[in-house]
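*Asks:* Just so we're aligned: 66 in numbering that gives the first Met the number 0 is position 67 of the sequence shown, and the numbers increase by one with no gaps anywhere.
One structure, pasted below without further comment.
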Amino acid sequence: MKETEVAASDDSAAGGSVAENSTDAYTTIWFDAVEESERTSWIGTYDARYIRLTMPETENVTINEIGICGPSGDNLEFMTTGDGKPAVGVLAEDYTYG
Numbered sequence: 000m001k002e003t004e005v006a007a008s009d010d011s012a013a014g015g016s017v018a019e020n021s022t023d024a025y026t027t028i029w030f031d032a033v034e035e036s037e038r039t040s041w042i043g044t045y046d047a048r049y050i051r052l053t054m055p056e057t058e059n060v061t062i063n064e065i066g067i068c069g070p071s072g073d074n075l076e077f078m079t080t081g082d083g084k085p086a087v088g089v090l091a092e093d094y095t096y097g
């Protein structure tokens, strides 16, 4: 995978590039809507229904696994407050995504 581009779109159009990567080895490509320096504090998401993986200069590629994470359920304890309590917890009522 010398060159890889990941694009995200909320319709069937081409969408915008969300990650580019160049490597000659096996790799995991993380792409979220947060700058690298902020990833310890925030989880960034995209509003996308379509993901396009493009490898323009690659032949005979085998992709063993593609994992794409989407909206999770409740009880998302990503961060804690100053006194150590979870900043996000169980929802008081059901939430419908979309």
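Virtual Cβ for every residue (Gly too), placed ideally from N, Cα, C.
What did DSSP end up calling Gly-14 once you bin it into helix, strand or coil?
*Replies:* Of the three classes helix, strand and coil, the one that applies to Gly-14 here is coil, per DSSP.
*Asks:* By DSSP's criteria, Ser-8 is part of a beta bridge. Which residues make up the other side?
*Replies:* According to DSSP, Ser-8 bridges with Tyr-49.
*Asks:* How many angstroms separate the CA atom of Val-60 from the CA atom of Met-54?
*Replies:* Each residue's alpha carbon lies about 9 Å from the other.
*Asks:* Restricting to Cα atoms, I'd like to know which of Tyr-94, Asp-10 and Ile-62 is closest to Arg-48.
*Replies:* Looking at the Cα atoms, Asp-10 is the closest of the given residues.
*Asks:* Taking the C-alpha atoms as reference points, what is the distance between Val-5 and Glu-56?
*Replies:* Near 14 Å, if we compare the C-alpha coordinates of Glu-56 and Val-5.
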